[in-house]
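Below is one structure, written out as structure tokens; the observations come after it.
Number of protein chains: 2
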Amino acid sequence: MSLPAEFALIARHFRPLAGEGALDLADDAAVIDLPAGRRLVIAADAMVEGVHYLPDDPPETIGRKLLRVNLSDLAAMGAAPLGYLMTTVLQRGTADDWLAGFARGLAEDQRDFGLAVLGGDTAATPGPTCLSLTILGTVAPDAVLRRVGARAGDDVWVSGTIGDGALGLRVLRGELPADSGGHLARRYRLPEPRLALGQAIAGIASAAMDVSDGLVQDLGHLCRAAGCGAEVEARAVPVSPAAGALLGADATLLPVVLTGGDDYELLFTAPPGSASALVTAAARAGVSITRIGRIVAGSPVVAVRGADGAALSLASGGWSHF
Amino acid sequence: MSLPAEFALIARHFRPLAGEGALDLADDAAVIDLPAGRRLVIAADAMVEGVHYLPDDPPETIGRKLLRVNLSDLAAMGAAPLGYLMTTVLQRGTADDWLAGFARGLAEDQRDFGLAVLGGDTAATPGPTCLSLTILGTVAPDAVLRRVGARAGDDVWVSGTIGDGALGLRVLRGELPADSGGHLARRYRLPEPRLALGQAIAGIASAAMDVSDGLVQDLGHLCRAAGCGAEVEARAVPVSPAAGALLGADATLLPVVLTGGDDYELLFTAPPGSASALVTAAARAGVSITRIGRIVAGSPVVAVRGADGAALSLASGGWSHF
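Listed in order, the protein sequences are those of chains D and F. Sequential numbering of the first sequence, starting at 141, is according to the numbering used here. Sequential numbering of the second sequence, starting at 141, is according to the numbering used here.
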């Protein structure tokens, strides 16, 4: 009796990615120890072909995006990566080459982010490929970043630039012209989890989360957790040169930038007196941060003011699956 | 701006299931502490509609099956449950009633098995519903059950009865007559993770795993881990009265019992001198166990002998997705 193809697939593509505690992916579960004095931080995100990534995205970037959107959740908690488990439910007929590329991308990011696979499961589906990843990290007990904690008067900050991912998706769909450097498409396919920044601002920021469903919607979540509102200046929201060029040509793209999602930047708040400490921490982490507004007393409404000072009317707060 | 439907769905169905450390499912990740002196045991299994469960299975049992197949992996490691994360990628148009039933079943099993949800993700797909669960448990450092460790001369044991799940699937598909008590269908839909048994035999068994892909195939994995073979007496394999009645009427169903999978019983080995300690441990755990064969020196081949002493020829070693 030969072994079924499922086990050959796991041995060929995933076993080389296995880390300490994974027991070579040959047992029923992984067994790991946390570093002494650290708490476990754990989150899970799924990605579906045609929903969270494009069917013709390179397989190398799909595995990396899956890992990175999960690492972004660790970043938002101030945590450091420990490992991950992954379930790959593959559309029937998925080519071995596709899997090889998928695993090659994961191997590259494992090296860059310092973690390895601990376990998972592989199955087939008649529907689109459905990937799920559970990320494990650790944090010192007194350094957990939380989404709750913003107070009226706090500044609102974001890391990096906003809107690249949402614009990049539209570029890849052929709805917008591509920038010459391919920056926007790359940002859609390969978000940059702000792990060093999350750890650097823990203890300074009053609240933090990552921006995945759109800046305005996600700031709304942060406001609801705090029982406060927020005011954002649209012109203060940092955009990349490529996004700025598109916005310059068509100002009606501003809502895409503000609500489109797929940013995976950190959104956080802090009292104005902490601004210089934040800037120092961000510089240490090698990431730009920008003050985009402030937390205000009142109901959890996010008001975005345009360049003329008038409130923008945003048709949709952000991405939803239902 | 109102909240998207996705968040209402999570608040309505999943937040009531959240446990300590889940931060009310309102943060980017869960933060938990392991009980002092315990190691973390973690595994993930996916289930796809039409592949791992039937589209018309009651939603109450689907969530419970998803949880139980994962708990079975903890059982196989001798671990005790701590919590779980779950990603639900739902076929578009999934009814709210279906989700209510799915969550109701999970709530029931959470009480029975003493754990709660820590986090996860919800998305939609045009394909069949795709569920993934990551189970967390803990184990004392000196009580980890491993798949590796069997030695020539060890007895091979299984818990409970074998073949009910595979026969139950065929009953539910209308391929076999139902037993009057509905035992076989129930066993397919609601496997019984042998958590107490796993913990009871840790330190006695030389190797252990759970039977999910079929007894013969899974024993093959255990043999490969050990670099040994195994001999099994088909007539020693324990079957339920309902399975026995079907086998009595049609002996050609024996390969279904031996290779069909969906058993979620524990398969384990121990030196013959440990038999009475195993029986005592199993009695304490309230689970029957049966000696079905032995580990032999040589290549990792599983030989099954029929009632006449001749080797059975099994066309397929067990379930594979590819």
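Virtual Cβ for every residue (Gly too), placed ideally from N, Cα, C.
- Taking the CA atoms as reference points, T234 (chain D) sits about 26 Å from D402 (chain D).
- A straight-line Cα-Cα distance of about 42 Å links G338 (chain D) and H361 (chain F).
- A direct Cα-to-Cα measurement between E146 (chain D) and A170 (chain D) gives close to 19 Å.
- For R155 (chain D), none of the residues of chain F pass the 8 Å Cβ criterion, the least Cβ distance being about 14 Å.
- For the 8 Å CB-CB criterion, Y328 (chain D) and G308 (chain D) form a contact.
- In this chain, M349 (chain D) is not harboured by any alpha helix (DSSP H); it is covered by the beta strand (DSSP E) spanning 347-351.
- Annotated as distal: Y404 (chain F) and S272 (chain F), with beta-carbon spacing of 8 Å or more.
- Per DSSP, M226 (chain D) is one residue of the beta strand (DSSP E) stretching across 220-231.
- In this structure, S380 (chain F) and T430 (chain F) do not form a Cβ contact; the two beta carbons are roughly 12 Å apart against a cut-off of 8 Å.
- In this structure, Y224 (chain D) lies near L276 (chain D), with their beta-carbon atoms less than 8 Å apart.
- Among the residues facing chain F, A365 (chain D) is included, as its CB has a counterpart in that chain under 8 Å away.
- The Cβ-Cβ distance between V441 (chain F) and G354 (chain F) does not fall below 8 Å.
- F408 (chain F) has F:W297, F:A348 as its beta-bridge partners, per DSSP.
- The beta-bridge partner set that DSSP reports for T430 (chain F) consists of F:V298.
- Its Cα nearest to that of P266 (chain D), the residue D:R232 stands out among D:R334, D:V284, D:R232.
- For the region 174-186 of chain D, the residues whose beta carbon sits under 8 Å from a beta carbon of chain F are, in order, L174, R179, L180, V181, I182, A183, A184, D185, A186.
- Annotation: Cβ neighbours of P268 (chain D) in chain F (cutoff 7 Å, chain order): T265, P266, G267.
- In the three-state reduction of the DSSP assignment, E146 (chain F) falls in the helix class.
- A straight-line Cα-Cα distance of about 16 Å links A443 (chain D) and L407 (chain D).
- Looking at F:G245, F:G260, F:P268, F:A240, the one whose alpha-carbon comes closest to that of V188 (chain F) is F:P268.
- For the alpha helix (DSSP H) assignment, the uninterrupted runs of no fewer than 4 residues enclosed by the region 264-325 of chain F are, from N- to C-terminal side, 304-312.
- By the CB criterion at 8 Å, A158 (chain D) and V296 (chain D) fall outside the cutoff.
- Interface criterion met: the Cβ of I172 (chain F) is under 8 Å from a Cβ in chain D.
- Against D196 (chain D), chain F offers no close residue; the least beta-carbon distance is about 17 Å (beta-carbon pairs closer than 8 Å).
- When rounded, the separation of the alpha-carbon atoms in R152 (chain F) and A342 (chain D) is 31 Å.
- Between L335 (chain D) and P221 (chain D), the CB-CB gap stays under 8 Å.
- Apart from the 5 residues on each side of it in sequence, E315 (chain F) has no Cβ closer than 7 Å to any other Cβ in its chain.
- Residue-level contact by beta carbon fails for D448 (chain F) and chain D, as no gap is shorter than 8 Å.
- Under the three-state reduction of DSSP output, R179 (chain F) falls in the strand class.
- For T274 (chain D), the nearest beta carbon of chain F is closer than 8 Å to its own beta carbon.
- In this structure, E200 (chain D) sits away from G260 (chain D), with a CB-CB distance that is not shorter than 8 Å.
- In this structure, the CA atom of A216 (chain D) is about 12 Å from the CA atom of I182 (chain D).
- Just so you know, the alpha carbons of S416 (chain D) and A345 (chain D) end up roughly 12 Å apart.
- Looking at the DSSP output, D185 (chain F) bridges to F:L273.
- E373 (chain F) sits in a strand when the DSSP states are folded into three classes.
- DSSP places L452 (chain F) outside both helix and strand once states are collapsed to three, so it counts as coil.
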